[in-house]
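Colleague: Have a look at the structure that comes next, please.
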Amino acid sequence: RPGEYAFRARASIGERRIGEAGGAFTVGPYSLEFENTKMNEPLLRRIAYRSGGAFYTPDTFGAILEEVDLEKKQVAHLHKIRLWDGWGLFAALIALLCAEWTIRRRWGMI
């Protein structure tokens, strides 16, 4: 059962006590994840193969540096803004047309 536990032990020879010790420990809940903690190499190799990755062991770990491309690459980001999709340009255009109409009306051109 999960929980906190304490123990105490005494050692004696005949009637003479020669030692005493105690301690405490905690038992956590059961987890299937820790049932078998050995590495499943065939499964890991299949996952790496099917996902386009690679499988390395501590013995072959040095091969990673040979396979990884360590060259510096320049990446350009292009951000396009379509003027006609925004409301700002539309509002500015309407404001200019209203201003023109107001000016023409005041000067008697309409």
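Per our numbering, residue 288 is the first one in the sequence shown, and the count goes up by one each step.
Glycine residues also receive a C-beta, built at the ideal position from the N, C-alpha and C atoms.
What does a CB cutoff of less than 7 angstroms around residue 316 pick up in its chain, not counting 5 residues either side in sequence?
Modeller: Taking the first residue of the sequence shown as position 1, residue 316 is located at position 29. Only 289 meet the Cβ criterion.
Colleague: In whole angstroms, what separates the C-alpha of residue 384 from that of residue 361?
Modeller: For the purposes of this step, residue 384 is identified with residue 97 of the sequence shown, where counting begins at 1. For the purposes of this step, residue 361 is identified with residue 74 of the sequence shown, where counting begins at 1. Distance between the alpha carbons of residue 384 and residue 361: 45 angstroms.
Colleague: Excluding the 5 residues preceding and the 5 following residue 293 in the sequence, name in chain order all residues of the same chain whose CB lies nearer than 6 angstroms to its CB.
Modeller: The residue you call residue 293 lines up with position 6 of the sequence shown. Excluding residues within five positions, the ones whose Cβ falls inside 6 angstroms are 311.
Colleague: Using DSSP with H/G/I as helix, E/B as strand and the rest coil, what is residue 336?
Modeller: On the sequence shown, position 49 is the one that residue 336 refers to. Helix.
Colleague: Considering only their Cβ atoms, is the gap separating residue 306 from residue 298 smaller than 7 angstroms?
Modeller: What you label residue 298 is simply residue 11 of the sequence shown in a count that begins at 1. What you label residue 306 is simply residue 19 of the sequence shown in a count that begins at 1. In this structure, residue 306 lies closer than 7 angstroms to residue 298 by Cβ.
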